[in-house]
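There are 4 protein chains.
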Amino acid sequence: MSKVKVAINGYGTIGKRVADAVTMQDDMEIIGIAKTRPNYEAFVAHDKGYNVYTLADRVDDMKKAGIPAAGSIDDMIAEADVVVDCTPGGIGEKNKALYEKAGVKAMWQGGEKHELAGCSFNAEANYEEALGRDFVRVVSCNTTGLCRVIYPLDQEYGVKKVRVTLMRRSADPNDVKNGPINAIVPNPIKLPSHHGPDVKSVIPHINITSTAVKLPTTLMHLHTLNIEMEKDCSTEDVKALLAKQPRVRMIGQGIGSTAEIMELGKDMGRPRGDMWENCIWEESVTMYEGELYFFQAIHQESDVIPENVDAIRALTEIETDGTKSIAKTNKAMGL
Amino acid sequence: MSKVKVAINGYGTIGKRVADAVTMQDDMEIIGIAKTRPNYEAFVAHDKGYNVYTLADRVDDMKKAGIPAAGSIDDMIAEADVVVDCTPGGIGEKNKALYEKAGVKAMWQGGEKHELAGCSFNAEANYEEALGRDFVRVVSCNTTGLCRVIYPLDQEYGVKKVRVTLMRRSADPNDVKNGPINAIVPNPIKLPSHHGPDVKSVIPHINITSTAVKLPTTLMHLHTLNIEMEKDCSTEDVKALLAKQPRVRMIGQGIGSTAEIMELGKDMGRPRGDMWENCIWEESVTMYEGELYFFQAIHQESDVIPENVDAIRALTEIETDGTKSIAKTNKAMGL
Amino acid sequence: MSKVKVAINGYGTIGKRVADAVTMQDDMEIIGIAKTRPNYEAFVAHDKGYNVYTLADRVDDMKKAGIPAAGSIDDMIAEADVVVDCTPGGIGEKNKALYEKAGVKAMWQGGEKHELAGCSFNAEANYEEALGRDFVRVVSCNTTGLCRVIYPLDQEYGVKKVRVTLMRRSADPNDVKNGPINAIVPNPIKLPSHHGPDVKSVIPHINITSTAVKLPTTLMHLHTLNIEMEKDCSTEDVKALLAKQPRVRMIGQGIGSTAEIMELGKDMGRPRGDMWENCIWEESVTMYEGELYFFQAIHQESDVIPENVDAIRALTEIETDGTKSIAKTNKAMGL
Amino acid sequence: MSKVKVAINGYGTIGKRVADAVTMQDDMEIIGIAKTRPNYEAFVAHDKGYNVYTLADRVDDMKKAGIPAAGSIDDMIAEADVVVDCTPGGIGEKNKALYEKAGVKAMWQGGEKHELAGCSFNAEANYEEALGRDFVRVVSCNTTGLCRVIYPLDQEYGVKKVRVTLMRRSADPNDVKNGPINAIVPNPIKLPSHHGPDVKSVIPHINITSTAVKLPTTLMHLHTLNIEMEKDCSTEDVKALLAKQPRVRMIGQGIGSTAEIMELGKDMGRPRGDMWENCIWEESVTMYEGELYFFQAIHQESDVIPENVDAIRALTEIETDGTKSIAKTNKAMGL
Ligand SMILES: NC(=O)c1ccc[n+]([C@@H]2O[C@H](COP(=O)([O-])OP(=O)(O)OC[C@H]3O[C@@H](n4cnc5c(N)ncnc54)[C@H](O)[C@@H]3O)[C@@H](O)[C@H]2O)c1
Ligand SMILES: NC(=O)c1ccc[n+]([C@@H]2O[C@H](COP(=O)([O-])OP(=O)(O)OC[C@H]3O[C@@H](n4cnc5c(N)ncnc54)[C@H](O)[C@@H]3O)[C@@H](O)[C@H]2O)c1
Ligand SMILES: NC(=O)c1ccc[n+]([C@@H]2O[C@H](COP(=O)([O-])OP(=O)(O)OC[C@H]3O[C@@H](n4cnc5c(N)ncnc54)[C@H](O)[C@@H]3O)[C@@H](O)[C@H]2O)c1
Ligand SMILES: NC(=O)c1ccc[n+]([C@@H]2O[C@H](COP(=O)([O-])OP(=O)(O)OC[C@H]3O[C@@H](n4cnc5c(N)ncnc54)[C@H](O)[C@@H]3O)[C@@H](O)[C@H]2O)c1
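Residue numbers (the UniProt record's numbering), protein chains in the order written: chain A, 1 to 335; chain B, 1 to 335; chain C, 1 to 335; chain D, 1 to 335.
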């Protein structure tokens, strides 16, 4: 069987990781990536053997800079079975017409609205919903992290109410433009925030409120969760349930911060030191006065990457069973 | 009537502010401050006219450095009616014997345990409890900030349950030793944390759970609160109640971060730019599905300062009415 | 004699400080300040009693927000003897036509080019040059800091060559937009940088090269200087010379960082905790193999403030002797 | 020929990298690593197949924690041909007696004094000096970075004088204890600093002065260099010379900060995203008024790693030609 042809439109933090993760699979391949400027990321993409496409009017610039651009973004789309749109939030929306015109399946990331794709995706929670669709949105890093724990808890015990505080990194590690340097920024100030409720785009019946802040750190988001459940369960029950999720890592062994989790990712030899799993501090998981509490850290740059791979399988129906796709993706990535 | 003679043992972040706040009152005065090293803070204290005392074996060192130390800490204590102990957490405990021996009243800060003083103090919540006592503990910056909002809400509507996430600055602005530089540190990892429950040392019947993290910022703590109340009330009711508290400032006017609150403190001409009040974002205050949510920022260096002044009045009974003391302190400080 | 009427166009970091410093003088007064948005800074300005002006089309917005705007910027300019333009770099240039049309004297800050005013000003170095002029530019925080030490060294010993590394804070303390959060940014990359040579706009014959970086800190800039001089001199000679400069503070007493200098400013009771002087670590000043080395910290928000006051006197010729103006300004500000 | 048996004493930032780099070589192997606590780093070491040794009295603790410690540090040393001591600065000194008693060759890192080993090592500059010795010190990350550029410039043009400002990261990325969070710390304050002169422990005749600061960043050090040379040369000459050094990477392609260099390391697929080379901004390299200027970034965690591999070869004389060792190490590591 021939491999699914995947194009990456927007080769930044997310795009380059999706490209590499797709390359690790045996049932799909990257036929090109699109980059707007000939910076170091474009050179590395070229060195890795990816065909580098660009905006129609910049093909010459790319060539002059030393990257023999394979052509325009339209050319790239024409070759693809699926386009993974990883352009900055809001830009992806404008690309929809392009994909429709070319009759190509497309996926967006969490920076776009649910309505753009009509289906918001998390591999564990609603793989089936995306089967054979033309368009899908892989939800944001935070929503992905929330779905991965809320969904199994809801399946097992019934989730009555979720209250979450999202402490967000303000800039990715390679971004030197955005601050704050030394402040806490409640964002949004109006409460509750829209972040938590985005979970409903995947699991509509969940009752969830959230508050969110932006922090002077680049490494990971941190969630503090408070969950009321329908059925009785113990701390040990929850620990056991969370520990067996395919994209959850229970954290202990003296790891006391997001910095040490990132160190662990590097020590384990992960590409780019990525930590694709939700990292839950085992010691933090507690049922207290009938409510569940825990801390989880989310590596914003990478937790959505395996979900993108699964979404490609769902759209193209090369695998119709979500559990099998998750297992296949995890195995290929070494997760 | 002669003024109450106050000595400050430990002239750091808290001690120097208590000294200046006491000096602003007309019913008490600073008779001396104790500093262990002749650094710039000692020189400024001396320049301001405070008698600088030190450890018995360092009097000569102080003199040599150019600060004519008025004597040993024992000498200072002998002169005082009340000692405000502002030494680092844990040291204060060791000083208790000193105060008992000298037969002087003493106050500690939040770094010490409740048991040391037997009475934990917040001016709004339990002034009367401290009247005439020998020892009292002014609760920590975080607990003070929590008491100031929980107490009036409880009085008015009955507080059923409080869930709070405490995002703590990891170092004071002048501290260059402590990190993290770029990480989020859940602390403690074991949930729920002890921070919230410290409110019970002041208002025992409150049901409160907390989670806490340490952040790479020096300016302020941020609390995100979720409160369930006994009686019905609206967003507007709560805003009105909070706005009229004597040590709460409702924040708006485009202020979007702890950094801008600190700028406001400077712009208002506050000494050291201090923000003694809880700073609550008015826009954040919301009753949602029967639960109250809001964000408040706490200036860790200064919110306990007016409470220290009130505690001196309570211990010495120069004012037996807490409301009057609060009003007097606020007026003298320009709060 | 009536006071010089001063208007502040652009009431941000610099503008609000110039306003307060002018108010401290007995020979000048603020007749209005211009603010574009009704944020907290505008409210504080109004509370302090300043007439708040705004862009012509925003007068109503200001009024609606609760600040009875005294009128448009044009109205303000019409009342003034001197306009101190403290708008963001590049905006000031566009205002020149306004000032010319109104026939009012005007001053710009370091964000504008030398050519705009034709005269770049530092009180110690070239007060006389600005006497009676229509326009002048008060040089940037970094250039001001450099002129204050290079000028006297040049007068006394002849400066042969200056090499300086400028480590710049990337954002002011109230700015939460700009990063980096965790990186060093050489800026500009092309060497040598334009920063040092800006000293020549004040003292043309100085031979100076500089390298500059932007850092994840908000408090102060730090300069490391290497100076070759014409005449022989000792470490002690230089220390003595620097120590007696009117706007230099020699730093010691255990102060080991920019954070502790800012703490000193607060402890001293300075408005906003400002540190108007160059802060030179006394221990760092060293003649080594015939070259001078030292570290100085520059409080970017405030070091140009006394220079702005002096520049007003120079333009209006209410004082023709620079040394007298400096002394008068310093005394009024408590420097 | 059997492989050289290498033991790593102290498996932290440097130790774990040396272990992995040795494993990449075909002429040496890791026979064990020593770790004091059973934290995540110990588990990863164990998972990677390294024999984990520990302090004699902690062997049982390790076993209990789930890591079957292969024995005590003494046991490990007894098996080794060379011990690479990567314990924290100052501890290494105490281990010398151990190595002498066991009659094993040993290497220390830059945290120890030159005198401890009697020979300070940089592969490019003085490989031959270390041949067959019992002890050697691989110089610090900063000194290594300086030697790599000063040595070839000196060989080619003669270095008359070097002035360098070292802007140091204050904590490694996984270290959440150390600050500052928001300040610049001149360190040492006394000038010139000892950092630059440490180059003389490798190349004694170099005339070099340095100034150093500590910054709130974790990623890399940044050096700004000013070099006077004996012979005439052009900007292009220097660029060409630097570009051909085996452990120098010329940086361009829109990379504007240490953060983007670290991103490049990750993008290139380097283990842990390490950047073993000096990273020199090509655009910064400039001959100006007869003096050379440039910026280089140094990845403190990894630049000394290839030098450690070479030092093992020098001590054991399995390769007597430094150039060949450098080439072999680079090739094996993919540098
Ligand atoms: N970074 C994260 O933490 C994160 C996490 C999860 C989801 N997301 C979402 O992923 C999407 C991408 O975010 P990112 O962080 O990777 O952004 P990014 O800025 O790192 O990368 C975006 C890339 O798109 C390119 N680009 C811009 N305009 C383009 C156009 N018109 N055509 C093609 N390419 C264009 C840019 O040059 C850049 O390389 C967003 O929707 C974002 O919300 C980001
Ligand atoms: N900094 C805050 O944010 C904050 C807020 C609220 C409460 N507190 C509490 O206030 C207390 C003081 O904290 P701080 O932040 O002011 O500490 P600090 O370190 O700033 O100051 C403590 C001072 O005590 C001096 N000292 C140390 N040992 C001493 C001794 N044996 N005798 C006399 N003086 C001694 C130190 O030299 C220093 O000047 C602690 O209990 C702390 O938990 C601190
Ligand atoms: N902040 C510093 O560290 C510093 C130091 C020395 C010199 N400077 C220079 O001082 C000048 C002002 O800088 P700043 O840091 O105070 O900026 P800022 O952004 O803090 O303040 C600028 C103010 O001007 C207002 N403004 C914008 N457009 C305007 C317009 N068209 N008319 C009137 N007001 C307008 C803004 O609302 C803001 O209040 C710049 O030239 C800057 O380079 C700044
Ligand atoms: N981190 C850097 O940036 C860097 C760069 C170049 C050189 N160095 C030098 O390398 C050396 C190691 O530094 P590091 O940063 O890797 O330190 P580190 O703290 O990361 O690691 C040191 C390790 O040694 C272990 N250890 C402590 N005492 C021990 C003992 N008695 N026996 C065995 N192991 C013990 C610790 O548990 C830790 O795992 C120091 O000399 C340092 O100056 C560090």
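Cβ atoms here follow ideal geometry from the backbone N, Cα and C, with glycine treated the same way.
Remember, predicted model here, so these are calculated numbers, not experimental data.
DSSP three-state assignment for residue i, whether helix, strand or coil
i: residue 28 (chain A); result: strand
i: residue 156 (chain B); result: helix
i: residue 75 (chain C); result: helix
i: residue 146 (chain A); result: helix
i: residue 171 (chain A); result: coil
i: residue 106 (chain B); result: strand
i: residue 186 (chain D); result: strand
i: residue 114 (chain A); result: helix
i: residue 176 (chain A); result: coil
i: residue 46 (chain A); result: helix
i: residue 227 (chain B); result: strand
i: residue 333 (chain A); result: helix
Any non-hydrogen atom of ligand 3 closer than 7 Å to residue i Cβ
i: residue 253 (chain B); result: no
i: residue 338 (chain B); result: Here chain B has residues from 1 to 335 only, and residue 338 (chain B) is not among them.
i: residue 279 (chain A); result: no
i: residue 300 (chain C); result: yes
i: residue 289 (chain D); result: no
i: residue 37 (chain C); result: yes
Heavy atom of ligand 1 within 7 Å of residue i beta-carbon
i: residue 13 (chain A); result: yes
Contact with chain D by residue i, beta-carbon distance below 8 Å
i: residue 107 (chain C); result: no
i: residue 130 (chain A); result: no
i: residue 98 (chain C); result: no
i: residue 278 (chain C); result: no
Neighbour flag for residue i against chain C, beta carbons, 8 Å
i: residue 137 (chain B); result: no
i: residue 183 (chain A); result: yes
i: residue 331 (chain B); result: no
i: residue 263 (chain B); result: yes
i: residue 216 (chain A); result: yes
Cβ-heavy atom distance, residue i to ligand 4, below 7 Å
i: residue 88 (chain D); result: yes
i: residue 304 (chain D); result: yes
Cβ-heavy atom distance, residue i to ligand 6, below 7 Å
i: residue 184 (chain B); result: Ligand 6 is absent from the structure shown, which contains only ligand 1, ligand 2, ligand 3 and ligand 4.
Contact with chain B by residue i, beta-carbon distance below 8 Å
i: residue 295 (chain C); result: no
i: residue 178 (chain D); result: yes
i: residue 352 (chain A); result: The shown model of chain A, from 1 to 335, leaves out residue 352 (chain A), and the question about it has no answer.
i: residue 259 (chain A); result: yes
i: residue 213 (chain A); result: yes
i: residue 175 (chain D); result: yes
Beta carbon proximity, residue i to chain A, threshold 8 Å
i: residue 336 (chain C); result: The structure shown has nothing for residue 336 (chain C), since chain C only spans 1 to 335.
i: residue 171 (chain C); result: yes
Rounded Cβ spacing between residue i and residue j (contact assumed at less than 8 Å)
i: residue 261 (chain B); j: residue 279 (chain B); result: 5 Å
Heavy atom of ligand 2 within 7 Å of residue i beta-carbon
i: residue 140 (chain B); result: yes
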